[in-house]
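Peer 1:
In our numbering, the protein residues as written are 34 to 672.
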């Protein structure tokens with residue numbers, strides 16, 4: 034039942050298991066015995082049992098429905114098909130839509146929930162290079178962590194119990210110590226989260242002009258506020274580590290995606306494809322698709338004025354933890370206003386508050402909040418703003434052109450909010466009343482923006498409905514026009530395989546990137562005491578002595594750290610096994626390259642690369658650096 038995944042995938046579980054005294058995130062951890070393995074509540078493992086095409090079942094259930102009714106009924110139809118197929122089996126099913134509701138597949142899974150942390154390298158290894166190296170090649174990150182799947186004594190899934198035993202799977206991967214060379218076959222399987230390869234030129238333009246820049250700007254504000262506090266204190270760094278990593282990952286992704294979409298004129302490529310399809314529609318007199326492009330144009334024209342508002346709200350103003358906490362008070366407010374079960378609602382609110390405050394870093398939250406509220410005021414059209422909120426802020430704290438006004442507002446909100454004051458909360462929770470809650474400054478702010486957005490929710494719903502219908506028709510037409518072309522559906526978190534080669538690439542004129550990185554390059558990047566490029570002293574000692582053991586690469590006379598392949602992956606594939614032509618594990622996929630960050634929309638066969646940590650470096654970290662040779666003994670090594 035031993036399982037390998039990425040360090041960044043196990044990050045939250047590692048952080049949750051850590052304390053300031055036993056900081057496994059910082060120092061690393063390997064369980065000496067199975068009794069030392071640490072339960073990881075909330076984690077689960079799904080084993081894929083089979084896949085069935087249920088297109089006919091779904092379509093038969095939807096006959097005669099218009100698109101709005103189709104969309105409304107779809108979740109129930111999916112649930113019914115999954116339930117009927119798995120009832121009484123102990124399995125669970127999920128129906129996935131492929132090609133924008135033009136094909137439907139039922140995936141049957143078996144779920145295991147007793148998952149335990151077995152080992153992790155120090156964060157300096159598992160996150161070496163930090164955000165600077167994220168989405169970049171060459172890369173020198175030991176991005177792995179280890180867990181174990183436990184089952185009941187009969188091998189069936191069971192909740193955590195001391196009586197559970199390690200799972201004996203039907204099959205496992207032998208591990209290759211042979212290494213990789215240019216042209217080697219590579220295959221990756223995993224759960225890519227989402228791509229949009231059939232996006233239209235309208236969607237590309239909205240992404241590059243509005244959506245992505247707004248997303249990046251809002252996350253940039255939040256990340257900088259967190260980073261300033263993380264630099265000051267080790268405990269704060271540990272406290273915010275998971276949230277920061279999660280925010281940073283897609284901050285850089287969408288920044289890079291925009292640049293690559295523009296650089297390679299993906300808009301122009303999509304436009305040419307659409308013109309070719311339009312010609313086919315006209316030539317073949319396909320009345321069903323006649324108004325496709327004019328309908329697309331109308332839908333995007335109606336929605337585009339509000340797209341920036343949505344990003345500034347979701348990624349910005351309502352992003353801070355304190356604002357989400359404020360909105361979590363709604364059930365209590367409803368109970369107070371509508372004479373509900375106030376006692377139960379107050380207890381629930383107290384529990385939510387207590388949980389949130391455990392991980393709350395007030396200085397960073399206060400800093401980001403005033404900057405986000407200020408950015409919304411300056412960048413979103415005035416006729417879309419919560420005018421009363423800003424008017425009252427100005428009246429109470431001064432000129433909105435002065436930075437001090439925003440700082441003072443946030444300081445006052447934090448100082449006076451009962452949500453952040455234990456004494457005030459205890460007094461309120463003992464005898465709650467609607468007026469006190471509704472006048473809380475953080476509740477006032479959160480509700481002002483959320484209620485203001487409600488005016489624009491119909492536009493978003495109308496846009497999503499139109500886009501869903503149009504995308505379905507577009508893919509139907511595209512597949513019909515290209516009936517002889519082999520194509521695969523967009524990623525949607527269902528199990529996929531991808532195959533390719535271990536291969537270098539040329540990102541620009543006169544530059545060639547090699548297919549592997551080594552410990553020599555790792556030592557070149559090493560910066561003692563640096564937040565992103567430090568390394569454990571023990572590692573430096575071992576690498577300088579060239580103590581690579583059986584994990585050395587025979588050709589390079591060095592320890593290979595990472596390698597790249599041409600496999601097609603995306604977010605969600607992190608931790609996926611990389612397998613050679615013999616079916617042996619050679620690495621773990623963990624990232625993509627910056628030159629191809631437009632891959633969700635446009636896969637570039639020449640530039641797209643999957644960045645993988647070499648399995649020999651993983652084993653070296655476990656064995657030589659971690660001293661956990663007993664774990665190596667569990668594995669089948671192929672020399």
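Glycine is no exception: its CB is placed at the ideal position from the N, C-alpha and C atoms. This one's a predicted model, so the numbers in the text were calculated from it and none came from an experiment.
Sorry if obvious, but does the Cβ on residue 585 come closer than 7 Å to a heavy atom of the ligand ADP?
Peer 2: What this structure holds is no ligand at all, so the ligand ADP is not there to describe.
Peer 1: In whole angstroms, what is the alpha-carbon distance linking residue 323 and residue 317?
Peer 2: As a position in the chain shown, residue 323 is number 290, starting the count at 1. As a position in the chain shown, residue 317 is number 284, starting the count at 1. Approximately 11 Å, taken between the alpha carbons.
Peer 1: So what does DSSP say about residue 370, is it helix, strand or coil?
Peer 2: Locating residue 370 in the chain shown gives position 337, where the first residue counts as 1. Helix.
Peer 1: Tell me whether the stretch 268–278 and the stretch 388–399 touch, counting them as touching only if at least three CB pairs, one residue from each stretch, are closer than 8 Å.
Peer 2: Counting Cβ pairs under 8 Å, three or more are found: they touch.
Peer 1: Helix or strand or just coil, what does DSSP make of residue 589?
Peer 2: Indexing the chain shown from 1 puts residue 589 at position 556. Note: residue 589 maps to coil in three-state DSSP.
Peer 1: Would you report the Cα separation of residue 406 and residue 603, rounded to the nearest angstrom?
Peer 2: Taking the chain shown and counting its residues from 1, the one referred to as residue 406 is at position 373. Taking the chain shown and counting its residues from 1, the one referred to as residue 603 is at position 570. When rounded, the distance between both Cα atoms is 33 Å.
Peer 1: Straight-line CA distance for residue 136 to residue 105?
Peer 2: As a working note, residue 136 is residue 103 in the chain shown. As a working note, residue 105 is residue 72 in the chain shown. Roughly 18 Å separates the two Cα atoms.
Peer 1: Counting along the chain, where does the beta strand (DSSP E) carrying residue 655 start and finish?
Peer 2: The residue labelled residue 655 in the question sits at position 622 within the chain shown. First-last for residue 655: undefined, no H or E at that position.
Peer 1: Per the DSSP calculation, residue 130 is bridged to which residue(s)?
Peer 2: For the purposes of this step, residue 130 is taken as the residue at position 97 of the chain shown. Note: residue 130 sits in a beta bridge opposite 137.
Peer 1: For residue 269, which residues from the same chain have a beta carbon less than 7 Å from its beta carbon, with the 5 sequence-adjacent residues on both sides left out?
Peer 2: Translated into positions along the chain shown, residue 269 becomes position 236. Cβ within range, chain order: 262, 263 and 394.
Peer 1: May I have the straight-line CA-CA distance separating residue 376 from residue 389, to the nearest angstrom?
Peer 2: For the purposes of this step, residue 376 is identified with residue 343 of the chain shown, where counting begins at 1. For the purposes of this step, residue 389 is identified with residue 356 of the chain shown, where counting begins at 1. The alpha-carbon atoms of residue 376 and residue 389 are separated by roughly 20 Å.
Peer 1: Using three-state DSSP, classify residue 682 as helix, strand or coil.
Peer 2: In this structure the chain extends from 34 to 672, so residue 682 is not present and cannot be described.
Peer 1: By alpha-carbon positions, which one of 121, 39, 148 and 180 ends up nearest to residue 161?
Peer 2: Position 128 of the chain shown, counted from the first residue, corresponds to residue 161. Residue 161 has its Cα closest to that of 39, out of 121, 39, 148 and 180.
Peer 1: Taking the C-alpha atoms as reference points, what is the distance between residue 144 and residue 474?
Peer 2: Taking the chain shown and counting its residues from 1, one reaches residue 144 at position 111. Taking the chain shown and counting its residues from 1, one reaches residue 474 at position 441. Each residue's alpha carbon lies about 44 Å from the other.
Peer 1: Which parts of the stretch 553–602 are runs of the beta strand (DSSP E), unbroken and 3 residues or longer, counting only runs that do not cross its ends?
Peer 2: Segments of the beta strand (DSSP E) lying fully in the stretch 553–602: 593–598.
Peer 1: Taking its Cβ as the centre, do 16 or more other Cβ atoms sit within 10 Å of residue 154, making it buried, or is it exposed?
Peer 2: Numbered from 1 along the chain shown, position 121 holds the residue referred to as residue 154. It is buried - the Cβ of residue 154 has at least 16 other Cβ atoms within 10 Å.
Peer 1: Taking only beta-carbon atoms, is residue 384 less than 8 Å away from chain C?
Peer 2: Protein chains in the displayed structure number just one, and chain C is not present.
Peer 1: Give the DSSP bridge partners of residue 83, in chain order.
Peer 2: The sequence position of residue 83 within the chain shown is 50, counting from 1. DSSP, once it has assigned bridges, lists 141 as partnering residue 83.
Peer 1: Less than 8 Å between the C-beta atoms of residue 554 and residue 653, yes or no?
Peer 2: Along the chain shown, one-based indexing puts residue 554 at 521. Along the chain shown, one-based indexing puts residue 653 at 620. No, the Cβ-Cβ distance between residue 554 and residue 653 is not below 8 Å.
Peer 1: With a 10 Å radius around its C-beta and 16 neighbouring C-beta atoms as the bar for buried, classify residue 663 as buried or exposed.
Peer 2: Taking the chain shown and counting its residues from 1, the one referred to as residue 663 is at position 630. Residue 663 comes out exposed.
Peer 1: From residue 74 to residue 420, what does the alpha carbon distance come to, in whole angstroms?
Peer 2: Reading the chain shown from its first residue, position 41 is the one you call residue 74. Reading the chain shown from its first residue, position 387 is the one you call residue 420. In a straight line, the C-alpha of residue 74 is about 44 Å away from that of residue 420.
Peer 1: From residue 738 to residue 634, what distance separates their C-alpha atoms?
Peer 2: Outside the shown range of the chain (34 to 672) lies residue 738, about which nothing can therefore be said.
Peer 1: Is it true that the CB of residue 645 sits closer than 8 Å to the CB of residue 621?
Peer 2: For the purposes of this step, residue 621 is identified with residue 588 of the chain shown, where counting begins at 1. For the purposes of this step, residue 645 is identified with residue 612 of the chain shown, where counting begins at 1. Yes, these two residues count as a Cβ contact at 8 Å.
Peer 1: Going residue by residue through the stretch 153–227, where are the continuous beta strand (DSSP E) segments of at least 3 residues, counting only ones entirely within it?
Peer 2: Runs found: 178–184 and 218–223.
Peer 1: Would you tell me roughly how many angstroms separate the C-alpha atoms of residue 44 and residue 278, rounded to the nearest one?
Peer 2: The residue you call residue 44 lines up with position 11 of the chain shown. The residue you call residue 278 lines up with position 245 of the chain shown. Approximately 9 Å, taken between the alpha carbons.
Peer 1: Cα separation between residue 183 and residue 149?
Peer 2: As a first step, residue 183 must be located in the chain shown, where it is residue number 150. As a first step, residue 149 must be located in the chain shown, where it is residue number 116. Their Cα atoms are separated by approximately 8 Å.
Peer 1: Using DSSP bridges, identify the partner residues of residue 621.
Peer 2: Here residue 621 corresponds to residue number 588 of the chain shown, with the count starting at 1. Residue 621 is bridged to 610 and 646.
Peer 1: Determine, using beta carbons only, whether residue 657 and residue 575 come nearer to each other than 8 Å.
Peer 2: Position 624 of the chain shown, counting from 1, holds the residue named residue 657. Position 542 of the chain shown, counting from 1, holds the residue named residue 575. Cβ atoms of residue 657 and residue 575: closer than 8 Å.
Peer 1: Closer than 6 Å by C-beta to residue 499: which residues in its own chain qualify, once you throw out the five before and the five after it? Chain order, please.
Peer 2: As a working mapping, residue 499 is identified with position 466 in the chain shown. These residues qualify, in order along the chain: 332.
Peer 1: How long is the line joining the alpha carbons of residue 35 and residue 205, rounded to whole angstroms?
Peer 2: The residue given as residue 35 occupies position 2 in the chain shown. The residue given as residue 205 occupies position 172 in the chain shown. Near 9 Å, if we compare the C-alpha coordinates of residue 205 and residue 35.
Peer 1: Which one or two residues does DSSP pair with residue 671 in a beta bridge?
Peer 2: Translated into the one-based positions of the chain shown, residue 671 becomes position 638. Bridge partners of residue 671: 209.
Peer 1: In chain order, what residues of the same chain have a beta carbon less than 8 Å from the beta carbon of residue 674, not counting five sequence neighbours either side?
Peer 2: Residue 674 lies beyond the residue range present for the chain, which begins at 34 and ends at 672; the question has no answer from this structure.
Peer 1: Are the Cβ atoms of residue 357 and residue 365 separated by less than 8 Å?
Peer 2: Within the chain shown, residue 357 is the residue found at index 324, counting from 1. Within the chain shown, residue 365 is the residue found at index 332, counting from 1. Their beta carbons are not under 8 Å apart, which means residue 357 does not touch residue 365 by this criterion.
Peer 1: According to DSSP, simplified to helix, strand and coil, what is residue 230?
Peer 2: In the chain shown, the residue the question calls residue 230 occupies position 197. Residue state, collapsed to three classes: coil.
Peer 1: Touching or not, the stretch 288–301 and the stretch 233–243, by the rule of three or more beta carbon pairs under 8 Å?
Peer 2: Output reads yes: the stretch 233–243 touches the stretch 288–301.
Peer 1: Does the stretch 526–544 come into contact with the stretch 217–227, if we say contact requires no fewer than three beta-carbon pairs (one atom in each stretch) closer than 8 Å?
Peer 2: A contact exists between the stretch 526–544 and the stretch 217–227.
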